[in-house]
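112 is the number of the first residue of the sequence shown in our numbering; add one for each residue after it. Beta carbons are placed, not taken as given, at the ideal position from N, Cα and C, and that holds for glycine. The block underneath contains the structure these notes are about, expressed in structure tokens.
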Amino acid sequence: MSLADPTVDLPRTRSERVRARRVGLPRRESSRRRHPEPGRKSRPRRLWELAWPLEVGARLRLPALPAMRTGARLLSLGLVVATVWTLGSAFRSADFQVAEAEVGETQLFDADRVRSIAGVDGMMVFLVDAREVETRLMQQPEIQQAEVSVRWPNRVAIDIVERQPMVEWNDGGRVWWLSDDGIAFLQHGEREGLVRVETKQPVLDIQPDPLAPAIEPEILWAAAALKLQVPEAEVLRFDAEHGLGFEDPLGWTVYFGHSGDMVLKVKLYRTIAQGLQAKGVEAEWVSVEDPATPYYRVKRD
């Protein structure tokens with residue numbers, strides 16, 4: 112009986128296998144078969160064979176490098192690198208830099224003042240927020256509307272609509288221009304055709320918010336209507352209590368109130384003035400603030 116005889120019992124326990132190895136008996140392979148883990152496919156290992164010269168008579172096997180697969184991650188990385196490079200090139204290029212904003216026709220502001228407020232000169236065109244620039248421009252009381260257009264590759268166009276002054280108001284020594292909605296802003300040079308109003312003490316309500324009305328608009332409209340009826344009055348007077356008026360060459364001040372029908376009030380005043388002049392009355396002031404109850408005060412010596 113030989114060891115190759117299938118009838119020979121091979122060692123089964125661990126101690127028998129150890130003794131068998133010592134005496135040279137063949138090993139018995141485990142009956143368990145190793146199965147690959149589920150979800151993983153075993154790949155054959157690639158080997159490269161290098162042939163040596165004939166006189167050496169041998170071959171050398173080297174492991175092959177793993178194959179590179181261009182998947183979605185590699186494509187995404189390429190896109191990110193390209194985007195970063197493009198943005199970097201754009202930021203360094205002067206082709207997308209706004210040299211000077213284009214400003215439309217203006218009257219109160221010059222183009223340089225508008226550009227200074229807008230603050231877009233020297234910026235990259237794709238960083239210009241048109242809405243933000245419009246809001247910043249319209250914070251100026253002189254600007255009623257603003258439209259900002261961003262044009263490729265490096266142009267910014269600005270068009271504004273300015274508030275037009277209606278009344279030149281000397282408020283106790285400080286001159287303001289007032290638009291028809293009651294908003295006050297500083298005087299810009301000289302302009303003909305404005306209604307001029309003066310007060311002895313400041314009466315305008317100048318607030319921190321430059322867009323808040325400084326006076327009721329109806330007072331401004333009343334001043335304009337009164338000026339049309341008394342063109343001989345170069346400057347109108349305003350009193351917080353008695354309203355609008357003017358210094359009559361006859362020697363007294365006449366008041367017409369804060370609002371109302373100025374055509375009717377002026378006609379009434381002219382009738383009263385003729386009567387006072389006919390009687391030789393020297394009045395200190397005359398009031399037609401309420402057309403139903405006009406009155407006057409006699410000048411005291």
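Discussion item. Ignoring anything shorter than 3 residues, give me the beta strand (DSSP E) runs that lie fully in the stretch 304 to 358, in order along the chain.
Written reply: If we require 3 residues or more, the beta strand (DSSP E) runs fully inside the stretch 304 to 358 come out as 306 to 310, 347 to 350, 354 to 358.
Discussion item. Just to confirm the assignment: which complete beta strand (DSSP E) runs, minimum length 3, are found wholly within the stretch 241 to 304?
Written reply: Unbroken beta strand (DSSP E) stretches of 3 residues or longer found wholly inside the stretch 241 to 304: 254 to 262, 266 to 273, 278 to 282, 285 to 289, 295 to 297, given in chain order.
Worksheet item: Mapping DSSP to helix, strand and coil, what is Ala-389?
Response: As a position in the sequence shown, residue 389 is number 278, starting the count at 1. In this structure, Ala-389 counts as helix in the three-state DSSP scheme.
Worksheet item: What is the rounded straight-line gap between the Cα of Arg-408 and the Cα of Val-392?
Response: By one-based count along the sequence shown, residue 408 stands at place 297. By one-based count along the sequence shown, residue 392 stands at place 281. Between the alpha carbons of Arg-408 and Val-392 lies a distance of about 10 angstroms.
Practice prompt. Please determine, among Gly-284, Leu-289, Asn-265, the residue with the shortest C-alpha to C-alpha distance to Glu-273.
Written response: Taking the sequence shown and counting its residues from 1, one reaches residue 273 at position 162. Of the candidates Gly-284, Leu-289, Asn-265, the one whose C-alpha sits nearest the C-alpha of Glu-273 is Leu-289.
Practice prompt. For Val-119, name the three-state secondary structure that DSSP assigns.
Written response: Taking the first residue of the sequence shown as 1, we reach residue 119 at position 8. Bear in mind that a pLDDT of 49 at Val-119, under 50, signals an unreliable position, so the number given afterwards is only what the model happens to contain. In this structure, Val-119 counts as coil in the three-state DSSP scheme.
Worksheet item: In angstroms, rounded to a whole number, what distance separates the CA positions of Leu-316 and Asp-350?
Response: Against the sequence shown, residue 316 aligns to sequence position 205. Against the sequence shown, residue 350 aligns to sequence position 239. Here the sequence assigns Asp to residue 316, which means Leu is not the residue at that position. Taking the straight line joining both Cα atoms gives about 14 angstroms.
Practice prompt. List the DSSP bridge partners of Glu-213.
Written response: Here the question's residue 213 lines up with position 102 in the sequence shown. Glu-213 pairs with Ala-268.
Item to complete: Give the single residue among Glu-343, Ser-370, Glu-345, Pro-342 whose Cα lies nearest to the Cα of His-353.
Response: Within the sequence shown, the letter at position 242 stands for residue 353. It is Ser-370.
Worksheet entry | Reference Gln-312; option with closest CA among Arg-348, Gly-283, Arg-302 | As a position in the sequence shown, residue 312 is number 201, starting the count at 1. The shortest C-alpha separation from Gln-312 is found at Gly-283.
Item to complete: Could you say if the stretch 356 to 376 and the stretch 329 to 341 meet the contact criterion of at least three C-beta pairs nearer than 8 angstroms?
Response: Touching, yes, given that three or more Cβ pairs across the two stretches are closer than 8 angstroms.
Worksheet item: Going by beta carbon distance, what residues of the same chain come within less than 6 angstroms of Asp-270, once the five residues before and after it are set aside?
Response: As a first step, residue 270 must be located in the sequence shown, where it is residue number 159. If we look at Asp-270 and ignore the five residues flanking it on each side, its Cβ neighbours are Gly-215, Glu-258.
Worksheet item: Which residue comes first and which comes last in the beta strand (DSSP E) that contains Ala-394?
Response: The count along the sequence shown starts at 1 and reaches residue 394 at position 283. Element bounds for Ala-394: 394 to 398.
Discussion item. Check this for me: beta carbons of Phe-220 and Glu-253, under 9 angstroms apart or not?
Written reply: Taking the first residue of the sequence shown as 1, we reach residue 220 at position 109. Taking the first residue of the sequence shown as 1, we reach residue 253 at position 142. Cβ atoms of Phe-220 and Glu-253: closer than 9 angstroms.
Worksheet entry | Chain-order list of residues whose beta-carbon lies under 7 angstroms from that of Arg-262 (same chain, five-residue window excluded) | Along the sequence shown, one-based indexing puts residue 262 at 151. Residues Ala-268 of the same chain have their beta carbon placed closer than 7 angstroms to that of Arg-262, with the five preceding and five following residues left out of the count.
Fill in: Beta-bridge partners of Gly-233, as assigned by DSSP
Sequence index remark: in the sequence shown, residue 233 carries index 122 (1-based). Answer by DSSP bridge pairing: none, since Gly-233 is not bridged.
Worksheet item: Just how far apart, CA to CA, sit Gln-318 and Ala-325?
Response: For the purposes of this step, residue 318 is taken as the residue at position 207 of the sequence shown. For the purposes of this step, residue 325 is taken as the residue at position 214 of the sequence shown. Spanning the alpha carbons of Gln-318 and Ala-325 requires a straight line of approximately 7 angstroms.
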